[in-house]
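Undergrad: The structure's right below; bear with me while I get my questions together.
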Amino acid sequence: MKNRFGFEIQDNRQIDLDLADDRVNDEVSAIIRAWRSCLKCGNCAAVCPEGEGVYKLDLSAFLDLSAFQKLTGLDKCYLCGKCQLVCPRGIPTRFVIMQVINYMKEYGKAV
Amino acid sequence: MNPDKQSVGKRNTVAVIGAGPAGLSAASALAALDFEVHLFEKESREGGKLNQYHQLFPARESASEVMGELLISVDKENIIRHLGLGVNSIKPSDGGWAVHHGDGEPIRSDAVIVATGFDFFDARLKEEFGYGIYSRVITSVDLEKKLNEGRETLLHKGTDPAAIAFVHCVGSRDEQVGVSYCSRLCCITGIKQAIEMKELFPETKVYNFYIDMRAFGTGYEELYRKAQEQYGVRFIRGRVSEASEDAECRIRLKAEDTLMSRPLKVSVDWLVLLVGMRPGCSPVQTDQSFLGSDNPLTGNALPGMPGVYSAGCCSGPMSIPESVASGRSAAFQVIDHLNSKQ
Amino acid sequence: MEKLFDPFVILFTAGFSFAAFWFIYKVIRWFAELPASDRSLVLHGIFSVKTLQALWETVSESLLHRNIFKRNFRLGYMHMSLAFGWFMLIVIGNIESTWYSGSMFKPLYVSVFWRFFDPGPGFPEAMYQPGFAMVMDFFLLLVLSGLGFAMIKRFRSKVVGMKRTTRQHPVDRWALTALWMIFPARLIAESMTCGTYGTGSFLTGSLGYLFAHFFNPQPLVLPAWWFYSAVLCAFFVLLPFSRYAHIPSEPVLIFFRKYGVRTSNLSTGYTDLSLHACSSCGVCIDACQLSEALPGRPLQSNYFVKSLRHRETPNHQWECLLCGRCEAACPVGVSLMPLRQMQRPDSGIGLGLAKAPHPGKNGHRVNVLYFAGCMSHLTPGIIESMKDIFTQAGAKWQFLDADGNRCCGRPMKLAGQTEAARNVRLKLEQDIKATGASLLVTSCPICYRIFNEEYELGPIRIVHHSQYINELLEWNFIRISKSGMKAAYHEPCELGRGSGIRKEPRNVISALYSKDLTPPGEGLCCGGSLGGPALDIATRKAVARGAVSQLTANDPDLLVTSCPLCKKTFRPVSEIPVMDIAEATASCMVKGERLAEAKGERREARGEREKKEIKIRVGS
Numbered sequence: 008m009k010n011r012f013g014f015e016i017q018d019n020r021q022i023d024l025d026l027a028d029d030r031v032n033d034e035v036s037a038i039i040r041a042w043r044s045c046l047k048c049g050n051c052a053a054v055c056p057e058g059e060g061v062y063k064l065d066l067s068a069f070l071d072l073s074a075f076q077k078l079t080g081l082d083k084c085y086l087c088g089k090c091q092l093v094c095p096r097g098i099p100t101r102f103v104i105m106q107v108i109n110y111m112k113e114y115g116k117a118v
Numbered sequence: 193m194n195p196d197k198q199s200v201g202k203r204n205t206v207a208v209i210g211a212g213p214a215g216l217s218a219a220s221a222l223a224a225l226d227f228e229v230h231l232f233e234k235e236s237r238e239g240g241k242l243n244q245y246h247q248l249f250p251a252r253e254s255a256s257e258v259m260g261e262l263l264i265s266v267d268k269e270n271i272i273r274h275l276g277l278g279v280n281s282i283k284p285s286d287g288g289w290a291v292h293h294g295d296g297e298p299i300r301s302d303a304v305i306v307a308t309g310f311d312f313f314d315a316r317l318k319e320e321f322g323y324g325i326y327s328r329v330i331t332s333v334d335l336e337k338k339l340n341e342g343r344e345t346l347l348h349k350g351t352d353p354a355a356i357a358f359v360h361c362v363g364s365r366d367e368q369v370g371v372s373y374c375s376r377l378c379c380i381t382g383i384k385q386a387i388e389m390k391e392l393f394p395e396t397k398v399y400n401f402y403i404d405m406r407a408f409g410t411g412y413e414e415l416y417r418k419a420q421e422q423y424g425v426r427f428i429r430g431r432v433s434e435a436s437e438d439a440e441c442r443i444r445l446k447a448e449d450t451l452m453s454r455p456l457k458v459s460v461d462w463l464v465l466l467v468g469m470r471p472g473c474s475p476v477q478t479d480q481s482f483l484g485s486d487n488p489l490t491g492n493a494l495p496g497m498p499g500v501y502s503a504g505c506c507s508g509p510m511s512i513p514e515s516v517a518s519g520r521s522a523a524f525q526v527i528d529h530l531n532s533k534q
Numbered sequence: 005m006e007k008l009f010d011p012f013v014i015l016f017t018a019g020f021s022f023a024a025f026w027f028i029y030k031v032i033r034w035f036a037e038l039p040a041s042d043r044s045l046v047l048h049g050i051f052s053v054k055t056l057q058a059l060w061e062t063v064s065e066s067l068l069h070r071n072i073f074k075r076n077f078r079l080g081y082m083h084m085s086l087a088f089g090w091f092m093l094i095v096i097g098n099i100e101s102t103w104y105s106g107s108m109f110k111p112l113y114v115s116v117f118w119r120f121f122d123p124g125p126g127f128p129e130a131m132y133q134p135g136f137a138m139v140m141d142f143f144l145l146l147v148l149s150g151l152g153f154a155m156i157k158r159f160r161s162k163v164v165g166m167k168r169t170t171r172q173h174p175v176d177r178w179a180l181t182a183l184w185m186i187f188p189a190r191l192i193a194e195s196m197t198c199g200t201y202g203t204g205s206f207l208t209g210s211l212g213y214l215f216a217h218f219f220n221p222q223p224l225v226l227p228a229w230w231f232y233s234a235v236l237c238a239f240f241v242l243l244p245f246s247r248y249a250h251i252p253s254e255p256v257l258i259f260f261r262k263y264g265v266r267t268s269n270l271s272t273g274y275t276d277l278s279l280h281a282c283s284s285c286g287v288c289i290d291a292c293q294l295s296e297a298l299p300g301r302p303l304q305s306n307y308f309v310k311s312l313r314h315r316e317t318p319n320h321q322w323e324c325l326l327c328g329r330c331e332a333a334c335p336v337g338v339s340l341m342p343l344r345q346m347q348r349p350d351s352g353i354g355l356g357l358a359k360a361p362h363p364g365k366n367g368h369r370v371n372v373l374y375f376a377g378c379m380s381h382l383t384p385g386i387i388e389s390m391k392d393i394f395t396q397a398g399a400k401w402q403f404l405d406a407d408g409n410r411c412c413g414r415p416m417k418l419a420g421q422t423e424a425a426r427n428v429r430l431k432l433e434q435d436i437k438a439t440g441a442s443l444l445v446t447s448c449p450i451c452y453r454i455f456n457e458e459y460e461l462g463p464i465r466i467v468h469h470s471q472y473i474n475e476l477l478e479w480n481f482i483r484i485s486k487s488g489m490k491a492a493y494h495e496p497c498e499l500g501r502g503s504g505i506r507k508e509p510r511n512v513i514s515a516l517y518s519k520d521l522t523p524p525g526e527g528l529c530c531g532g533s534l535g536g537p538a539l540d541i542a543t544r545k546a547v548a549r550g551a552v553s554q555l556t557a558n559d560p561d562l563l564v565t566s567c568p569l570c571k572k573t574f575r576p577v578s579e580i581p582v583m584d585i586a587e588a589t590a591s592c593m594v595k596g597e598r599l600a601e602a603k604g605e606r607r608e609a610r611g612e613r614e615k616k617e618i619k620i621r622v623g624s
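Chains as they are written, first to last, in my numbering: chain H, 8 to 118; chain B, 193 to 534; chain F, 5 to 624.
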């Protein structure tokens, strides 16, 4: 995005944890306790047919909810369940995805 | 020696079950104080898992040399070795314990040290890695054996491998196979073996796929850095998913680089699985779990069994020096116990 | 005969009329809310032999409860005695009152309260005299014996072979209380009358005689009949709101089902009927493996149906494994799996998946297309074995999802996302048809089920690999050397109950192993099912362990299954080896060169067979 002087202004990549919107994360964790134990090990992403990873849902939750869709590729999920079969913490990842998508809808950001 | 205490040694018998590093060091310590030691080992020779290793971390000592030292230390006339004889159970007897084995009358002893060691995780349970299905998928234990046998065992049709991948946390920290604990020593094993691969094949790319790097011991973190800086081992934070074989029997891997947040694929000549440590079968319990302790912070006494102590990996994953120290500690706890009984 | 009326009959008549009007209204509504095609099915069926078949089923299930007898004799007796006994009391009572009153056209209450109007033949002579009184007494005794069992069942359900019994909704508890009081009230009322007049047969007469011995029953006659009428009224008033609505609804369900009506998204009439036909008998509770793994959680199908009926959102529905054991056990035959699926809302997940089908790989034409399924890539032993088997059988085959990146779409469907599942299906359908194969073999029962039920693949024949192997063995395309081991087979939910493929895997097992030690009875769920997304891993492992211990009851050497998900779920909790049927076959297979003539012969035979099959499939 260029300003009127023709200079490129970078998006701010820094996560401002003080301003993090934890609503989705908190509500999903309330239903699925194990979600908090995610190691971000990436096993889910490694087996995902679409190459996306449930672990990213946690990172992304720190950010503005509107940036969610760009980062997570939730719309590509087949709910196939392979991620759930390999998660070392035994998290029911399919259910996490379903819950996150439902909450995102609730908060008005279409996924 | 203090004449009051001397009487304890001369009249007492202790049974040590298991002649791995912990058992050998416990037997050696007790024999030095004139105990009569019955050392039981179900395999045909002493040494336990130490026999399977090539070099030990962190200083790359030769496993066979360390083995030799331990064997010398038990070359004493008051250690009676029972090789190839497993112990079925131990039962209280006459203020002490009767050790029931497979060959004749039980042997009575005043105290028992259980040093039955551990088993390696069966990598076939993580079927997605293809162990037992693809020929180029091996475990860290298999690799130690190949290193003992020689460089040629790692060649394919006479050529050096182009790439080798190590996978950490196979059978540890994994709810899917029912193992929630960390086996402590696989990470440093992976670092050591990665260095060994680089030494044998300097041109080969070596990748270590880890979740968390657990390099807690003395010299471990330094070895990790050496692996990176001096040897160029590539450490990638992320898990490997399914392995598959291509037409030349090379292994194709899919993985996720979590720090870059991107999927990754690579073809390697060897996939080495760093298998965790599982509790072994022990004659003092019916289920297979690590042995507990009456006072875990300060001693190894088995709960509810006065005079019985654990040593080594039968109570949890330990390195060789930790097992040796544990064996000596158990020996001195036995002495303390027998002194207090008098 | 004096006038056949007393004010107490008003209570019963009012209550019964209420229930009757409710029922007629409901039947009209159920019919009206069927889709037009189903309505015509019903109308066409009424004047066909199906009506007789439905009548027979009504007698054998609603009255005699044969399905429940098969489950447990005492439980069957309990249900049968109440239903059949009461039915016979009504029928014989009607005949009795018609016989003695001389008129067929009389108010409904007359036969119900007949003993009040006509105390019957004298006691004790009549006690052993065959006649209406004895028959009525016999059926009353039958009902009371069943009632006894029902009362015991509330406190010690093991007596009727049930480990757990239904926890009742309040309305059901009131209705139950009313029902339980009806027959003792009838017994007392009839006995009071018999005691007063010195009449009755072996039951009512004896009891009446006993009463008369201790006090004068005459002043208690009318109060007793008022009480009887009152509890009948209470029961009928509560019936439409309670589980006892199944009494009139179940026959309607049987008839509609016989005519060909099926549960579907559109048919709210049939769905509502199904919800009413559930008797809350609780047989599904014991059938559900989560009863052991998650004890105390009301997620079983009877609670599910009850929530829907009372217009509540069913709790715990996302924990249901959709394994189908409840549906298989249901004596009424309520279509529980479609009901559960319909309740999973399509929340629009996955609509972002590309809708446009992309053209598939148009490679060399193959006869056999192999689709391993995404799960099989986590159990590569299965894939390697299938490769061996294809090679040995000489099949010209292509591995469609070699990169493991295709999903069949059924997991989406099980999660309720039918729209997205459809998009996924269309995409893969195109790719399959573009290969020009005539046979599609898949290793995953989940994939098989959706291929079979929803994919439109034209003349392509679809088989699961256990069926393929079975045919290879039958036609001697592969040779095996029988193993001396004893195996037990685990039937995957999606393959057995889901798709009806039960015989072929067992044939293969018998061919491969010296003994088939599969325990008899309905197949189990491994616990890994995609149907229950909310289940935590500890519960799944509990289900898996429970299943393994049942499967190994006869002490087999190994466990064989035919689903990658079942295999992956069982392996970490099984002490004996777990193998897929493809791996079992590959390990027993005799590998080597095949005789050239035999090769040619077999190829010809196979070609003929395939042509025949295509003809059959296209023709069907």
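By construction, the Cβ of each residue, glycine as well, lies at the ideal position given by its N, Cα and C atoms.
1) Got a sec, what are the start and stop residues for the alpha helix (DSSP H) ALA58/F sits in?
2) For the beta strand (DSSP E) containing ARG429/B, list its first residue and its last residue.
3) For ALA602/F, collect the residues of the same chain with a Cβ closer than 7 Å to its Cβ; drop the 5 residues on either side in sequence, then sort them by chain order.
4) Between the Cα of LYS437/F and the Cα atoms of ARG465/F, ARG190/F, CYS411/F, which residue gives the shortest distance?
5) Which residues bound the alpha helix (DSSP H) around CYS570/F?
6) In the segment 81–100 of chain H, which residues sit with their C-beta less than 9 Å from some C-beta in chain B, listed in chain order?
7) Where does SER301/B sit, in a helix, a strand or coil, going by DSSP?
8) Return the first residue and the last residue of the beta strand (DSSP E) that HIS292/B is part of.
9) Counting only beta-carbon separations shorter than 8 Å, does PHE403/F have a partner in chain B?
10) Compare the C-alpha of MET84/F against each of GLY97/F, GLU65/F, GLU100/F, VAL95/F and name the closest.
11) From the beta carbon of ALA580/F, is the nearest beta carbon of chain B less than 8 Å away?
12) What residues in its chain sit with their C-beta under 7 Å from that of TYR201/F, if we drop five residues either side in the sequence?
13) Which residues does DSSP pair with HIS280/F in a beta bridge?
14) Ordered along the chain, which non-local residues of its own chain (more than five positions away) have a Cβ less than 6 Å from that of PHE121/F?
15) Quick check on CYS411/F - is its C-beta less than 8 Å from some C-beta in chain H?
16) Here's a check: name, in chain order, each residue in its chain whose Cβ is nearer than 7 Å to the Cβ of GLN420/B, leaving out the five neighbours to either side.
17) Tell me the rounded alpha-carbon separation between GLN21/H and TYR402/B.
18) For the beta strand (DSSP E) that contains GLN402/F, what are its first and last residues?
19) Comparing C-alpha positions only, which one of GLY240/B, TYR399/B, LYS446/B sits nearest to PHE312/B?
20) Looking at C-alpha atoms only, which residue of GLY97/F, TRP103/F, TYR452/F, LEU146/F is the closest neighbour of TYR374/F?
21) Against chain H, which members of the segment 426–457 of chain B pass a CB distance test of less than 7 Å?
22) Could you tell me which of GLY536/F, VAL512/F, PRO560/F sits nearest to PRO523/F, measuring between CA atoms?
23) Based on the DSSP output, what are the partners of TRP34/F in its beta bridges?
24) Straight-line CA distance for PHE218/F to LYS74/F?
25) Could you tell me how far apart the beta carbons of GLY89/F and PHE143/F are, in whole angstroms, since I believe they sit closer than 8 Å?
26) Does any residue of chain B have a CB that is nearer than 8 Å to the CB of CYS48/H?
27) Ignore the nearest five residues each way along the sequence and tell me which others in ALA3/F's own chain have a CB closer than 7 Å to its CB.
28) Just by C-beta distance, which residues in the segment 320–344 of chain F are closer than 9 Å to chain B?
29) Are the segment 514–522 of chain F and the segment 535–544 of chain F in contact at 8 Å, needing three or more beta carbon pairs?
30) When the cut-off is 8 Å and only beta carbons count, does LYS572/F lie next to chain H?
31) Rounded to whole angstroms, what is the Cα-Cα separation between ILE38/H and VAL107/H?
TA: Taking the structure as given:
1) 53–61
2) 426–429
3) Reliability fails at ALA602/F, whose pLDDT of 49 lies under 50, so the model's placement of it is uncertain and no value is given.
4) Minimum Cα distance to LYS437/F is reached at ARG465/F.
5) 568–574
6) LYS89, LEU92, VAL93, CYS94, PRO95, ARG96, GLY97, ILE98
7) strand
8) Where HIS292/B is concerned, the enclosing beta strand (DSSP E) starts and stops at 288–293.
9) no
10) GLU65/F
11) Rather than Ala, the amino acid found at residue 580/F in this sequence is Ile. No - not a single Cβ of chain B is within 8 Å of the one on ILE580/F.
12) PRO123
13) Answer is none; HIS280/F lacks a bridge partner.
14) LEU8
15) yes
16) PHE427
17) 26 Å
18) 401–403
19) Answer by Cα proximity: GLY240/B.
20) TYR452/F
21) GLY430, ARG431, VAL432, SER433, GLU434, LYS446, ALA447, GLU448, THR450, SER453, PRO455
22) PRO560/F
23) Beta-bridge pairing by DSSP links TRP34/F to no other residue.
24) 45 Å
25) With 8 Å as the limit, GLY89/F and PHE143/F qualify as a contact, their Cβ atoms being about 5 Å apart.
26) Yes, because at least one Cβ of chain B sits closer than 8 Å to the Cβ of CYS48/H.
27) A query on residue 3/F cannot be resolved here, the shown segment of chain F reaching from 5 to 624 and no further.
28) none
29) Flag = no, the segment 514–522 of chain F and the segment 535–544 of chain F do not touch.
30) yes
31) 11 Å
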